[in-house]
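Novice: Just passing along the structure, written as structure tokens.
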Amino acid sequence: MISVNNLSVEFSAKALFDNINYVINPKDKIALVGKNGAGKSTMLKIIAGLQKPTSGNVVVPDGVTVGYLPQQMVLADNTTVLDEVRKVYAHLEEMHRRLDTLAEEAQSRTDYESDEYQKLIENISSLTEYLAIADSDNIEAEMEKTLIGLGFERSDFARPTSEFSGGWRMRIELAKILLQRPDVLLLDEPTNHLDIESIQWLESFLITKAKAVVLVSHDRAFLDNVTNRTIEINLGKIYDYAVNYSKFVVLRDERIEQQMRAYRNQQKQIADTEEFIERFRYKATKSVQVQSRIKQLAKIERIEVDEVDNSRLNLRFPPAPRSGDFPLIIEEVGKAYGDHQVFDHATFTLRRGEKVAFVGKNGQGKSTLVKCIMGEIPFTGSLRVGHNVKIGYFAQNQAQLLDGELTVFDTIDHVAVGDIRTKIRDILGAFMFGGEASDKKVKVLSGGEKTRLAMIKLLLEPVNLLILDEPTNHLDMKTKDILKQAIRDFDGTVIVVSHDREFLDGLVEKVYEFGGGKVTECLGGIYEFLEKKRIASLSELELKQKPEPQPEKGPKNVSKQPETPAQSAPAPKLSYAEQREREKTLKRAAKKVEEAEKTVEKREADIAEIEAKIAAGDLDDDIYTRHAAAVKELENAMSMWELAQMEYDELKQQ
-14 MISVNNLSVE FSAKALFDNI NYVINPKDKI ALVGKNGAGK STMLKIIAGL
36 QKPTSGNVVV PDGVTVGYLP QQMVLADNTT VLDEVRKVYA HLEEMHRRLD
86 TLAEEAQSRT DYESDEYQKL IENISSLTEY LAIADSDNIE AEMEKTLIGL
136 GFERSDFARP TSEFSGGWRM RIELAKILLQ RPDVLLLDEP TNHLDIESIQ
186 WLESFLITKA KAVVLVSHDR AFLDNVTNRT IEINLGKIYD YAVNYSKFVV
236 LRDERIEQQM RAYRNQQKQI ADTEEFIERF RYKATKSVQV QSRIKQLAKI
286 ERIEVDEVDN SRLNLRFPPA PRSGDFPLII EEVGKAYGDH QVFDHATFTL
336 RRGEKVAFVG KNGQGKSTLV KCIMGEIPFT GSLRVGHNVK IGYFAQNQAQ
386 LLDGELTVFD TIDHVAVGDI RTKIRDILGA FMFGGEASDK KVKVLSGGEK
436 TRLAMIKLLL EPVNLLILDE PTNHLDMKTK DILKQAIRDF DGTVIVVSHD
486 REFLDGLVEK VYEFGGGKVT ECLGGIYEFL EKKRIASLSE LELKQKPEPQ
536 PEKGPKNVSK QPETPAQSAP APKLSYAEQR EREKTLKRAA KKVEEAEKTV
586 EKREADIAEI EAKIAAGDLD DDIYTRHAAA VKELENAMSM WELAQMEYDE
636 LKQQ
């Protein structure tokens, strides 16, 4: 569908991409991965037509539409949320006005046999047919469903966009792009400002309704759930895998291991050849062999091993001073802003050493309660911090609070006291700010680097209650893994405010959900909480459906799908056009499953044939290499079959 041909990009004489080629196919769900600075965002901008490459081109066929969500965007401040989103349908509204004008003209004319009148009727028919296909009568419902799915309340629809934060403005822009239903969606970090429920809704949308998707994200669970193909950008080259992110990591490690083996073998061959040349260079009897070896050495195509980021973030929180058995006791705590009650009657107790998560939609009070604990804002009720409790607080905007004019070294030097000041260089080196990096000004650092620097400040004083408000924003996956392990090893009490499911999984043993003006405790990890929440939502839905005259005709498959805000109301009856489209989609999905099954059978047959040769002793030089390659192809084929089957099952349940 979209073809990237011989693409090269250079910045300051440094190659970012070097002669890259690949194709984005219909229904591809691509994760674009690579270390910070590899060029992921640049690639999206080039595909979107917002940036020109140094050489090469991107071919987008006529009629193929592209929707692009950047990390930053600008919205007009003189419109409401609904009016801003309605701009997507401006062309349809213009068509409606045009249709009304033509209909009035047709009623006023009497020259029914003239060519002009026939042309007028044809135009009316054409517009009517187009609007029917576009389902323009369902515009309001689609806008409402999408906005609610992304976390907005109906009361937000009439509010001006100027009242919303940057994160909520990003959601408005995302809603506009999703409603356009482009052939290719380019999304750059779309989950950065979404809560867990909105991320799950977006996952469901991208899996079931989106066409082709190219996605940049540091949310591993999101990538694994949505994508079926991973393209890695590394050292200006790309590596294309027909698997999701987690399977890609395994295959990438195998690739690098194979490269290392081949590299070591080649280096040994080169060393042996050079030793032979040096030993016999001046012996006349060996001159022919020496010249042959010199030519052989010149012809060797040197193997390059893909760059591996060997820097290690040695993150370890200082030992926690012993606190009382109950570091935090909250009783009937509430917070209101004017007439708006954020939450009320919050009551729970944290025991020493517990690690808990605060989750819920944005604006439901997670960060507000943290500010109450820190004494930054007034509240009602009783909140007691236990004996000898020392709090370490990482605020959501902690990285933005750093002084941009200071250097990295000075930032830490200003807060370090005592003997620790003699070890600042060592500490910065452990956090990948070694050498010249420590002399950089804060204002030139990336978001991830600023977050790491803010984390260093938190580590300088021993604490026994860590409160981390969205600590993973802007961190890459490797750094998130290291932070997660450090929190696991920390022997104090921890409160984590986060929407990153994979980060919370295996880290917390209790979840507090903020929503509906309440704070609800749920024992167990994040996925246990999500499962209990899904079951509770479904039970509530079943109770609502019982009074219906014909409950047996209700959506029986609802129990198989996570509840989303947009699903809480009974599903509207599909129009004839929608039914036809659904049938076509199901047929395409079924065909995809059938083709994937045939591919699996073919790969299994290939492996069986090779293994039969091995068993018979018919060994070629590369038979084991071909066997290993065939096994990998089978794994890829199985992954594609699983994804096709999941997509088909989900479509059937709708």
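Under our numbering, think of the first position of the sequence shown as -14, with each following residue one higher.
Backbone N, C-alpha and C define an ideal beta-carbon position, used for all residues, glycine too.
(1) Rounded to a whole number of angstroms, what is the C-alpha to C-alpha distance between Asn347 and Ala321?
(2) Buried or exposed: where does Asp204 fall if 16 or more other Cβ atoms within 10 Å of its Cβ makes it buried?
(3) Of all the options Met(-14), Ala256 and Gln165, which has the alpha carbon lying nearest to the alpha carbon of Val43?
(4) Just the Cα atoms here: how many angstroms apart are Ile279 and Val290?
(5) I need the straight-line Cα distance from Lys465 to Pro55, nearest angstrom please.
(6) Work out the CA separation of Ala23 and Met417 for me, nearest whole Å.
(7) Return the CA-CA distance between Phe142 and Glu69, expressed in angstroms with no decimal places.
(8) Under 8 Å: do the stretch 452 to 465 and the stretch 349 to 360 share three or more Cβ pairs, one atom per stretch?
(9) So, using beta-carbon positions, are Phe499 and Lys351 closer together than 8 Å?
(10) Return the Cβ separation of Gln244 and Ile288 in integer angstroms, given the expectation that the two are a contact with Cβ distance under 8 Å.
(11) With Gly371 and Leu445 assumed to form a contact (beta carbons below 8 Å), what rounded beta-carbon distance in angstroms separates them?
(12) Tell me whether Pro347 sits in a helix, a strand or coil according to DSSP, three-state version.
(13) Mind checking Val393: buried by the 16 CB within 10 Å criterion, or exposed?
(14) Between which residues of its own chain and Ala575 is the CB-CB distance below 8 Å, once the five residues before and five after are set aside?
(15) Indicate whether Gly134 and Phe190 have their beta-carbon atoms separated by less than 8 Å.
(16) Using 8 Å as the threshold, is the C-beta distance between Asp461 and Lys20 below it?
(17) Assuming Val211 and Val169 are in contact, meaning their beta carbons sit under 8 Å apart, how far apart are those beta carbons, in whole angstroms?
(18) Quick one: using the 10 Å Cβ neighbour count with 16 as the cut-off for buried, is Asn63 buried or exposed?
(19) For Val429, which three-state DSSP category applies?
(20) Could you tell me which residues DSSP puts in a beta bridge with Tyr226?
(21) In terms of residue numbering, what span does the alpha helix (DSSP H) encompassing Thr193 cover?
(22) Span of the alpha helix (DSSP H) holding Asn69?
(23) Kindly list the residues whose CB is nearer than 6 Å to the CB of Met128, restricted to its own chain and excluding five residues on each side of it in sequence; keep chain order.
(24) Residues in the same chain with beta-carbon distance under 8 Å from Leu87, minus the five sequence neighbours each way, listed in chain order, please.
(25) On the DSSP letters alone, give me the boundaries of the beta strand (DSSP E) that Ile315 sits inside.
(26) Kindly indicate the opening and closing residues of the alpha helix (DSSP H) around Leu170.
(27) Does Thr457 come out as helix, strand or coil in the three-state DSSP assignment?
(28) Straight-line CA distance for Arg144 to Val66?
(29) Where does Tyr97 land, buried or exposed, given buried means 16+ other C-beta within 10 angstroms?
(30) Is DSSP giving Ala331 helix, strand or coil here?
(31) Tell me which residues share the same chain as Gln630 and place their Cβ nearer than 8 Å to its Cβ, disregarding the 5 neighbours each side in the sequence.
(32) What would DSSP say about Ile285, mapped onto helix, strand or coil?
(33) Ordered along the chain, which non-local residues of its own chain (more than five positions away) have a Cβ less than 6 Å from that of Val45?
(34) Could you give the residue range of the alpha helix (DSSP H) that holds Thr505?
(35) So which of Asp3, Glu586 and Ala384 has the shortest CA-CA distance to Asn458?
(36) I need the boundaries of the alpha helix (DSSP H) containing Thr270, first residue and last residue.
Specialist: Let me spell this out:
(1) 16 Å
(2) buried
(3) Met(-14)
(4) 24 Å
(5) 23 Å
(6) 18 Å
(7) 10 Å
(8) yes
(9) yes
(10) At roughly 7 Å, the Cβ-Cβ gap stays under 8 Å, so Gln244 and Ile288 are in contact.
(11) Not confirmed; about 23 Å, so no contact.
(12) Before going further, note that residue 347 is Asn rather than Pro in the sequence given. Reduced to three states, the DSSP call for Asn347 is coil.
(13) buried
(14) Once the five neighbours on either side are set aside, the close Cβ partners of Ala575 are Tyr633.
(15) Result yes, Cβ atoms of Gly134 and Phe190 sit closer than 8 Å.
(16) yes
(17) Actually they do not touch by this definition, with Cβ atoms about 15 Å apart.
(18) exposed
(19) helix
(20) Its beta-bridge partners are Thr215.
(21) Ile181 to Thr193
(22) First, the residue type needs correcting, since residue 69 is Glu and not Asn in the sequence shown. For Glu69, the enclosing alpha helix (DSSP H) covers residues Val66 to Arg71.
(23) Val70
(24) Leu105, Asn108, Ile109 and Leu112
(25) First-last of the beta strand (DSSP E) with Ile315: Leu313 to Tyr322.
(26) Per DSSP, Leu170 belongs to no alpha helix (DSSP H); it is in the beta strand (DSSP E), Val169 to Asp173.
(27) coil
(28) 6 Å
(29) exposed
(30) strand
(31) Val578 and Ala581
(32) coil
(33) Ile(-13)
(34) Thr505 -> not in any alpha helix (DSSP H); beta strand (DSSP E) instead, spanning Lys503 to Leu508.
(35) Ala384
(36) Here Thr270 belongs to no alpha helix (DSSP H), and DSSP marks it neither H nor E.
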